[in-house]
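Protein chains in written order, with the UniProt record's numbering: chain A, 1 to 522; chain B, 1 to 428.
Structure below.
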């Protein structure tokens, strides 16, 4: 048993639901107890879908346990076929049904339905959501995809996008456009948007674009083997990765490596002087392997951050993240325990976190800015506006998304520093309303030190305790302090006092002031 | 007393035949109850023994609350736990010890059964007894089932409260027990009204803390504030306590009728009752009439969810002038529900259980003005052009008693008002 509050991934049958809900004309009959329908609301609420997921649950109850549950399953299967007339059906068991061993696959075979029925074996007590999606899509391909004649023009399939995928909707649009500019048309996008009949013609493409290894790799490997479709290994998230992707596609197909980057703004935005303060920002990365790997490259090579730690929650990508972490000279964290992630973040004390919904909350708790780069995500990360992660526009979106919390962090930091200033303190009133700035009574008499950047918060109490020694400013030092621009004066005052207190220095001289400044410089 | 409302219908719904269906149920399991119960019982921890699905459900239902160091968690069963049974009990001991070390503030621990733990017949009752002995007197360990195979949504609260009843001490004193977890603000209003009528001492189940324990005995009388408490009702009756039957305290009429039943039990003089309730009744009446604007003569359709559906249909039809088309309930306990059924005029279909696709077909055919349903159905129905009110909010939001009567009506009128406000089509 494992004590768990937060889970990064749902059970594997939720992965199967993500495939079924992304597709059209496919129905999922899930042998599951009453209550498992909760998963419907992930799709109708978080993703705001306007239709029910195409899933029929047997919803057995305690009184049905025994022989009855098998009948229940058969009835549910027949009813679902009659009602929805799907082109194909997938059948499987949720964690509880796995224990009662009704064998949905075997039972559905005996029903003689006129459409393909694909049984799923999803081990609920060993594997998780991403495995469920990957395995389900692989089984669907294995059952439905056949060798067919290649299209005359060069076409490809986009493989991996599912329902509830982080920005999958817009990544499809972005990649489709990018490939079209190279003269390559998209044959089938799957599982999202595809019908079972589309799966049958996957083989008509010349190659596969593996968008998300988490949910499409098994199918791509199978298609490579059985249908002779090579697949791309670069995930085009970030400027460098997008260029590499274009080169990879060009090499695969022999078309010219064309990339229209007239709308690409990340490189210039990142080079502009306003971005200088981003240099060496210490960032921690966590999420699914694919997005973390992509983010690491962007963070270091395109934003000029320092990656101080990285990890992923899906052990399927552990090898990728471990080897990448070695390249970056950091320790990889492969865990699905958010408490471990929180501990690591606390230890590393990064200036920014790039993570999932969970890390956003860890960041909030620790006062560290955070941007979301990977599922699991909440409703606000299924935005109405166009916001891909992949390709040209994806890079623009990523620049804005990552810089935003930092700019806001800087704003907040400045506001805190200004708080003790004679013009900006709480009682001063707004000058454009004719309010007169009133002197803040204890500004100069050693009142509460102005707030400093949030990352000091954790240490604040100890610092206060340490500075219980009475520290006196010598007149010359006091005068020197006033030469420091007012918006950093508060910070300088506090840093100097802490510095002095820690060393048992009771009188602050001009030298102490500059020694402190040198000490805190970075 | 009913002067402001239509007279009780000559024929209520008590004799209406109930449409009983089975098929796909689109409902939550009882585990969901943990989400509001743990807020109410401040020294309790709820440990679900289940699968990743259970943890995922709690996470999905708890929304952002999951990050506020909640006092619930899941012990996820792993492959090794399924292999041998003896192992599972040891594993559970290990997890609980680990948990109680980390949270020394916990005084009551609930081992909550789930579908997987029930199916493998993991004996949580025995585990609870063993642990109670081991951790006494600091921690009391109890067990109940919140599994989907046995409980629907709010029935999880029922199972939890029913598990607490046997361990309460015996008493012979005449006390009133209010049963059902209410938001603190609502609970206080109820206690204030009862106190003003001189009724006391009043106890509440669940109490905020294990320290607030009280006795149960043949002189205890209890009133239910929630309709889904049939097992708790039975457990209290077994201890000799007596139920005060009443409609549930929704709206002005429901609250007055509920208070009136309790007052009669304690021989409160009529003029005292009037003087205590007159002002809040007038406030509630005013608030409901304002908030229910737009509900009058509209039709409403309830999908089954929480067992609150019948008293809410009674409130909407009698105090807001709506017409009920179908009232679906996951489970119908006649004895508890009959005062409300008597007040609900004959007409609507009463449905117990569910076959969701058939019920959806009935709903589409009826084209009600407002459909009360779960979050899995709400957006899909909106997309079909039907106004919905998602039901789960009625369990989390303060809606009982006088001061919330207007808010309650507002919850139903808002979706209709919004539909009137949004002009998203091009002007013609």
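Where a beta carbon is used, it is the ideal one built from N, C-alpha and C, also for glycine.
Keeping to the same chain, check which residues put their C-beta closer than 7 Å to that of residue i; ignore five residues upstream and five downstream.
i	result
residue 162 of chain A	18, 19, 22, 133, 168, 191, 192, 215
residue 467 of chain A	With a pLDDT of 43 at residue 467 of chain A, under the threshold of 50, the modelled position of this residue cannot be trusted; read the value that follows with caution. Once the five neighbours on either side are set aside, the close Cβ partners of residue 467 of chain A are 497, 498, 501.
residue 116 of chain B	50, 51, 77
residue 88 of chain A	26, 115, 116, 118, 144, 196
residue 31 of chain B	48, 54, 57, 58, 112, 114, 146, 156
residue 464 of chain A	For residue 464 of chain A, the pLDDT reaches just 43, beneath the cut-off of 50, and the residue's location in the model is therefore unreliable, although a value from the coordinates is still provided. Closer than 7 Å at the Cβ level, and outside the excluded window around residue 464 of chain A, lies no residue.
residue 219 of chain A	137, 138, 141, 159
Near residue i, which residues of its chain fall below 8 Å by C-beta distance, leaving aside the five closest residues on each side in sequence?
i	result
residue 5 of chain A	338
residue 155 of chain A	184, 185, 186, 187, 204, 205, 206
Evaluate residue i with the Cβ neighbour count: other Cβ atoms within 10 Å of its Cβ, from every protein chain shown; 16 or more gives buried, anything less gives exposed.
i	result
residue 248 of chain B	buried
residue 187 of chain B	buried
residue 507 of chain A	exposed
residue 443 of chain B	Nothing about residue 443 of chain B can be reported from this structure: the residues present for chain B run from 1 to 428 only.
residue 451 of chain A	Caution is warranted here: a pLDDT of 34 is assigned to residue 451 of chain A, below 50, making its placement in the model unreliable, and the coordinate value is therefore given only provisionally. Residue 451 of chain A is buried by the Cβ-count criterion.
residue 459 of chain A	Its pLDDT being 37, under 50, residue 459 of chain A is placed unreliably by the model, and nothing is read from it.
residue 212 of chain A	buried
residue 34 of chain A	buried
residue 152 of chain A	exposed
residue 520 of chain A	exposed
residue 17 of chain B	exposed
residue 171 of chain A	buried
residue 323 of chain A	exposed
Could you please give the first and the last residue of the uninterrupted beta strand (DSSP E) stretch that includes residue i?
i	result
residue 182 of chain A	Taken as a continuous stretch (DSSP letters only), residue 182 of chain A belongs to no beta strand (DSSP E), as it is neither H nor E.
residue 378 of chain A	No beta strand (DSSP E) holds residue 378 of chain A; DSSP gives it neither H nor E.
residue 389 of chain B	388 to 390
residue 108 of chain B	108 to 113
residue 144 of chain B	140 to 145
residue 19 of chain B	18 to 22
Considering only DSSP beta bridges, list what residue i is partnered with.
i	result
residue 507 of chain A	A:472
residue 202 of chain B	B:176
residue 57 of chain A	A:30
residue 327 of chain B	B:302, B:350
residue 292 of chain A	Paired residues: none, contrary to the question.
residue 170 of chain B	B:216
residue 208 of chain A	A:157, A:231
residue 243 of chain B	B:222
residue 282 of chain A	A:306
Can you tell me where the alpha helix (DSSP H) holding residue i begins and where it ends?
i	result
residue 401 of chain B	Careful: residue 401 of chain B lies outside any alpha helix (DSSP H) and carries neither H nor E.
residue 14 of chain A	12 to 22
residue 431 of chain B	Chain B is shown from 1 up to 428; residue 431 of chain B falls before or after that span and cannot be answered.
residue 223 of chain A	213 to 226
residue 140 of chain A	129 to 144
residue 338 of chain A	338 to 348
residue 269 of chain A	266 to 271
residue 245 of chain A	239 to 253
residue 252 of chain B	251 to 265
residue 135 of chain B	124 to 135
residue 96 of chain A	95 to 100
residue 362 of chain A	357 to 366
Leaving out five residues before and five after residue i in sequence, what residues of the same chain have Cβ atoms less than 6 Å from its Cβ?
i	result
residue 226 of chain B	180
residue 56 of chain A	29, 76, 80
residue 39 of chain B	none
residue 387 of chain B	370, 415, 416, 419
residue 402 of chain B	255, 280, 284
residue 163 of chain B	142, 144
So is the beta-carbon of residue i under 7 Å away from any non-hydrogen atom of the ligand NAD?
i	result
residue 97 of chain A	The ligand NAD is absent from the structure shown, which contains no ligands of any kind.
Can we say the stretch 296 to 313 of chain A touches the stretch 261 to 271 of chain A, given the rule of at least three CB pairs closer than 8 Å? yes
Would you call the stretch 152 to 161 of chain B and the stretch 184 to 204 of chain B in contact, with 3 or more CB pairs under 8 Å? no
With three or more beta-carbon pairs closer than 8 Å as the criterion, would you say the stretch 202 to 213 of chain A touches the stretch 151 to 161 of chain A? yes
State whether the stretch 171 to 190 of chain A contacts the stretch 384 to 403 of chain A, with contact taken as three or more CB pairs (one from each stretch) at a distance under 8 Å. Enough Cβ pairs lie closer than 8 Å, so yes.
Taking contact to mean at least 3 C-beta pairs separated by less than 8 Å, is the stretch 268 to 277 of chain B in contact with the stretch 305 to 325 of chain B? In short, these stretches do not touch, since the Cβ pair count stays below three.
Check whether the stretch 119 to 131 of chain A and the stretch 89 to 100 of chain A are in contact - that is, three or more C-beta pairs closer than 8 Å. yes
Is it the case that the stretch 371 to 382 of chain A contacts the stretch 276 to 293 of chain A, given that we only count it when at least three CB pairs across the two stretches are under 8 Å? Contact between the stretch 276 to 293 of chain A and the stretch 371 to 382 of chain A is present, because at least three Cβ pairs lie under 8 Å.
Segment contact, 8 Å Cβ cut-off, at least three pairs: the stretch 293 to 301 of chain B with the stretch 273 to 283 of chain B: As far as the Cβ criterion goes, the stretch 293 to 301 of chain B does not touch the stretch 273 to 283 of chain B, which means the pair count is below three.
Would you check if there are 3 or more beta carbon pairs closer than 8 Å linking the stretch 301 to 310 of chain B to the stretch 334 to 347 of chain B? yes
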